[in-house]
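In the numbering used here, the protein residues as written are 921 to 1322.
This report concerns only the one structure given below.
Right, here's the structure in full:
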């Protein structure tokens, strides 16, 4: 008698297009793949330098800034480290606004460099009370706090923090701290305006809303930030902005410039501006809301539910979903991957084994989202996870009506 196949078994190799619904890296459009696919060229070549400048100018438009921009060969963590080491000195103190795994990691990185870290604590499911940020700054009468660090969109928890509200809290407290914002999973997905929101340093990466391979990251810096940089004494060299500014004509990169990545980034900026940044943000909200409508239905019958419980803070680039007690999100992810060739994100840090995540940022449309949701709903059934039925239909109803 033949053995019964397990829910995660697959008899044949996966066919059809792989659905990558992980919250980073993200899908790379064919146009960007074709732009990157070219022979090596000298980064000092006269034919490349205009492309280099186009990318810098384009990223500044996406960021909403006219200030300085420095780029690195490295992931978003590289940009974190570059930003901290270029702005701070040993023994100085920063204020980290808690939002989840990545806010914790940014703080740990600062501590590893000899920076003191003070945290504004927050419920990961609800999000920080910005009034507590103001209170922490008002209590700092000696202005020991040199910077306020915020992760705009927390990829681990599916929760966002409005930078404009934090800026208002800093101003209301009359505090001179620098304002640092991580946009790694928000840029080109959520609304972002660096200069209008008075942000002093912005961290970003290539692999999410910018739809490129992992490996290029950057920091945009205000004039106030550059003034702090000239006084900063943390050790650095490869990431040193002052050293970068001696590398003419690039004014960035200490070492080899990743030439092919620039052709991909130039194409990303073209695609974003072809759609229009307001339309890009609206599309991300629309797709995210469709996912949330599906999860709201699944939450019936004591099923999976949104991890973020604050409707004002839900992320439009990633949805984190809390599994019912006693059911394994990673087993569900394995079924989704092996049976339907769909890749989902897992939990990070203390959320490992408790949540799974759906990424909906970058190169994405309604049929791609619906395919992902259908694979999940089938896998909930296969794995015996209690859930309300009809989540995919709820998403379809929303998409059809809007």
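Note that the Cβ used here is the ideal one computed from N, Cα and C, for glycine as well.
All of these numbers come straight from a predicted model, not from anything done at the bench.
Beta-carbon contacts of residue i that lie in its chain and below 7 Å, excluding the five residues immediately before and after
i	result
residue 1096	1063
residue 1192	982, 1108, 1200
residue 1206	1322
residue 1318	1209, 1210, 1213
residue 1187	951, 952, 955
residue 1169	969
Collapsed DSSP secondary structure at residue i in the structure displayed
i	result
residue 1305	coil
residue 992	strand
residue 1009	coil
residue 924	With a pLDDT of 41 at residue 924, under the threshold of 50, the modelled position of that residue is not reliable, and no figure is offered here.
residue 1229	coil
residue 980	helix
residue 975	helix
residue 1078	coil
residue 1073	strand
residue 1269	helix
residue 1109	coil
residue 1019	coil
residue 1299	helix
residue 1258	helix
residue 961	coil
residue 1099	strand
residue 1066	strand
residue 1162	helix
residue 1278	strand
residue 1234	strand
residue 1264	strand
residue 1202	helix
residue 1094	coil
residue 1152	coil
residue 1014	strand
residue 1223	coil
residue 954	helix
residue 1218	helix
residue 1133	coil
residue 1128	coil
Endpoints, alpha helix (DSSP H) assigned at residue i
i	result
residue 1038	Careful: residue 1038 lies outside any alpha helix (DSSP H), inside the beta strand (DSSP E) at 1036-1040.
residue 1325	Outside the displayed span of the chain (921 to 1322) sits residue 1325, for which this structure offers no information.
residue 1311	1311-1321
residue 941	Element bounds for residue 941: not the alpha helix (DSSP H) but the beta strand (DSSP E), 939-941.
residue 948	Element bounds for residue 948: n/a, residue is neither H nor E.
residue 1058	1050-1059
Residues near residue i in its chain [Cβ-Cβ closer than 6 Å; skip 5 each side]
i	result
residue 1101	1070, 1072, 1083, 1119, 1122
residue 961	968, 1179
residue 1260	1295
residue 1176	none
residue 1067	1014, 1097, 1098, 1100
residue 1142	987, 1120
residue 1181	1136
residue 1282	946, 947, 1129, 1131
residue 923	Confidence in residue 923 is poor, its pLDDT being 40 and thus under 50, which makes the residue's placement unreliable; the coordinate value appears in the next sentence. Answer for residue 923: no residue qualifies.
residue 1189	978
residue 1197	none
Short Cβ contact (8 Å threshold) for residue i with residue j
i	j	result
residue 1227	residue 1077	yes
residue 1214	residue 1275	no
residue 1173	residue 1288	no
residue 1267	residue 1244	no
residue 1237	residue 943	yes
residue 1305	residue 1247	yes
residue 1278	residue 1264	yes
residue 1221	residue 1308	yes
residue 1324	residue 1280	Outside the displayed span of the chain (921 to 1322) sits residue 1324, for which this structure offers no information.
residue 1217	residue 1140	no
residue 1235	residue 1029	no
residue 1112	residue 936	no
residue 1086	residue 1035	no
Chain C contact for residue i (CB, 8 Å cutoff)
i	result
residue 1131	The question asks about chain C, but that chain is absent: this structure has only one protein chain.
8 Å CB neighbourhood of residue i in its chain, flanking five on each side removed
i	result
residue 1229	1045, 1046
residue 1185	975, 978, 979, 1126, 1130, 1132, 1136
residue 1065	1013, 1014, 1015, 1038, 1056, 1057, 1095, 1097
residue 1183	955, 956, 958, 971
residue 1089	1050, 1051, 1053, 1054, 1057
residue 1273	1248, 1249, 1250, 1267
Beta strand (DSSP E) segment containing residue i, residue limits
i	result
residue 1139	1136-1141
residue 1182	That residue, residue 1182, is in no beta strand (DSSP E); its alpha helix (DSSP H) goes 1179-1195.
residue 1123	1121-1125
Contact test: residue i Cβ vs the ligand HEM heavy atom, cutoff 7 Å
i	result
residue 1250	Of the ligands one can find in the structure shown there are none, so the ligand HEM has no counterpart to examine.
Three or more C-beta pairs closer than 8 Å, one from the region 1150-1159 and one from the region 1001-1012: is that the case here?
yes
Validate contact between the region 1252-1272 and the region 1297-1305 using beta carbons, cut 8 Å, 3 pairs:
yes
Three or more C-beta pairs closer than 8 Å, one from the region 1014-1030 and one from the region 1156-1173: is that the case here?
no
Count the CB pairs spanning the region 984-1002 and the region 1049-1065 that are closer than 8 Å, and state whether there are at least three.
no
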